[in-house]
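Just below is one structure, and these are the notes that go with it.
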Amino acid sequence: MLLQRRNRILRANPSIRSMVAETVLTPNDFIAPLFIDEGRNIQTEIASMPGYYRRSLDLTVNEVKELWSIGIKCVLLFIKCKDELKDNTGKEAWNKNGLMQRSIKAIKDAVPEMYVMTDVALDPYSSFGHDGIVENGEIVNDPTVEALVKMSISHAEAGVDMVAPSDMMDGRIGAIRQGFEDSGFTKTGIMAYSAKYASCFYGPFRDALDSAPGFGDKKTYQMDFANRTEAVKEALMDVEEGADIVMVKPGLPYLDIVREVKNAVDVPLSVYNISGEYAMIKAAAKMGWINEEKAVLETLTAFKRAGADLIATYFAKDAARLLAR
Ligand code: PBG
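Add 35 to the 1-based position in the sequence shown for this note's numbering, that's all there is to it.
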């Protein structure tokens, strides 16, 4: 056989494969989500997220130090709000001494270089478990945006580097940007969950924070998974309104959206490798059906190949360790 081109030459051994690899994963790509609870010395494994924990702030600070030591530069904070502090206004979300505000300060004090991001949405604080304020069974947009601005400013006051609004209300990015300008927080960034779909894959996360919607679903604000063009519209609007980074979420079933949005915007793109995606890999690995370490690296590399500059993932710590081997 006489061939002009033999593609296997570039696959012949690990040296040449690594030389021509188009995508290289590093811990710089990772955002590590952290679930924080009240109390001291508490670490609770999340039933539907084996190997992932909700921790009290003291243990969270230790975890952040460890993450920093293995090369992870960014954490994304979520808190579990006590039931008695939840209401329909979500006002605990901008309590100066709330768990989130205390957590931002404690983490920035302990590891000042760690880039701290916070989830901005009312669901952990809402007695209805919705991302916004409820009136007559509807999630009302504009009053919710006002609440999100207050929440974001309180995170900025506590010293957050970048807020990450995950609520999908219209106009919130512009309003938060304006709120930051008006209150002098010109250095605080916004990572917009721009294309966030109404997804069944968020289930384990809602277990972790006890934040499942009390009635209905989130389909009047999160996107319909049938849509692609709409994701581009959302991302472009968020960039226009002042988003520094845009996000696509969930991750794995949405790699087409990652690429589409990446091609459309001139800001970095992040993707959220969400709780249900984590749970599926863990479950299959536990059954002995897939090799977890290989599945993790293949999955994370696929996100980068699809166009993600940053990956929020519960596998951040494991992957950073695997990459250091
Ligand atoms: C809250 C929020 C959710 C996630 C991140 N922020 C859940 C939801 O919208 O119901 C999901 C993260 C995950 O599943 O890992 N607005």
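Idealized CB from N, CA, C, for every residue including glycine.
Owing to the predicted nature of the structure, the values given are computational and were not obtained by experimental measurement.
Under 8 Å, do ARG10 and GLU312 count as touching if we go by C-beta distance? The question about residue 10 has no answer, for the chain in this structure spans 36 to 360.
Report whether the distance from the Cβ of ARG362 to the nearest heavy atom of the ligand PBG is below 7 Å.
Outside the shown range of the chain, which is 36 to 360, sits residue 362, and nothing can be said about it.
* Asked: Buried or exposed: LYS100, going by 16 or more other Cβ atoms within 10 Å of its Cβ?
  -> By the 10 Å Cβ count, LYS100 comes out exposed.
> Relative to the ligand NAD, is the shortest distance from any of its heavy atoms to the C-beta of GLY342 smaller than 7 Å?
Replying inline: By its list of ligands, the structure shown excludes the ligand NAD, since it contains just the ligand PBG.
Item to complete: Can you give me the Cβ contacts of LEU358 inside the same chain, cut-off strictly under 7 Å, excluding the 5 residues immediately before and after it?
Response: Around LEU358: LEU60, THR61 and PRO62.
Have a look at ASP259 and TYR232 and give me their C-alpha separation to the nearest angstrom. The C-alpha of ASP259 lies about 6 Å from the C-alpha of TYR232.
* Asked: Comparing the CB of ASP166 with every heavy atom of the ligand PBG, is any distance shorter than 7 Å?
  -> Yes; taking the cut-off as 7 Å, the Cβ of ASP166 has a heavy atom of the ligand PBG nearer than that.
ask   = Heavy atom of the ligand PBG less than 7 Å from the Cβ of ILE211, yes or no?
value = For the ligand PBG, not one heavy atom lies less than 7 Å from the Cβ of ILE211.
- Query: For GLY125, is the beta carbon positioned less than 7 Å from some heavy atom of the ligand PBG?
  - Reply: Between the ligand PBG and the CB of GLY125, the shortest heavy atom gap is not smaller than 7 Å.
**OP:** At 3 residues or longer, and completely inside the region 259-312: list those beta strand (DSSP E) runs for me, N to C.
**Re:** Correct list: 280-284 and 304-308.
Starting from the C-beta of ARG212, find all residues in its chain whose C-beta is less than 7 Å away, skip the five residues before and the five after it, and write them out in chain order. For ARG212, the CB contacts under 7 Å within the same chain, skipping 5 residues up- and downstream, are ILE225, GLU276 and GLY277 in chain order.
- Have a look at GLY164 and GLU216 and give me their C-alpha separation to the nearest angstrom. Across the structure, GLY164 and GLU216 are spaced so that their CA atoms are roughly 30 Å apart.
When you compare the CB positions of ALA199 and LEU111, do they come within less than 8 Å of one another, or not? A contact, by the Cβ cut-off of 8 Å.
Under 8 Å, do SER310 and ALA243 count as touching if we go by C-beta distance?
One thing to note: SER310 has its Cβ within 8 Å of the Cβ of ALA243.
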